[in-house]
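Below is one structure, written out as structure tokens; the observations come after it.
In the numbering used here, the protein residues as written are 250 to 323.
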């Protein structure tokens, strides 16, 4: 009977360790997803800034210095 109890305790420990690893993985995945959303927001802000710069360059007549910057890049 003692061997059975030890085996159950060992199994319980392994299950607990696995659950802990899964929880850490889920937290890291959530953290990565959250960070990705932040990075995408930063990219959108930079794209908007480039569009604003392009608009301003057109307004003041400096567009010739911005040739090659298309809508995808600005």
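Just so it is clear, CB atoms sit at the ideal spot from N, CA and C, and this is done for glycine as well.
Q. For residue 310, which of helix, strand or coil comes out of DSSP?
A. Residue 310 falls in the coil class under three-state DSSP.
Q) Alpha carbon to alpha carbon, what distance is there between residue 284 and residue 260? A) Cα-Cα distance, rounded: 36 Å.
Q: Express the C-alpha separation of residue 292 and residue 305 in angstroms, rounding to a whole number.
A: Pairing residue 305 with residue 292, the inter-Cα distance amounts to about 20 Å.
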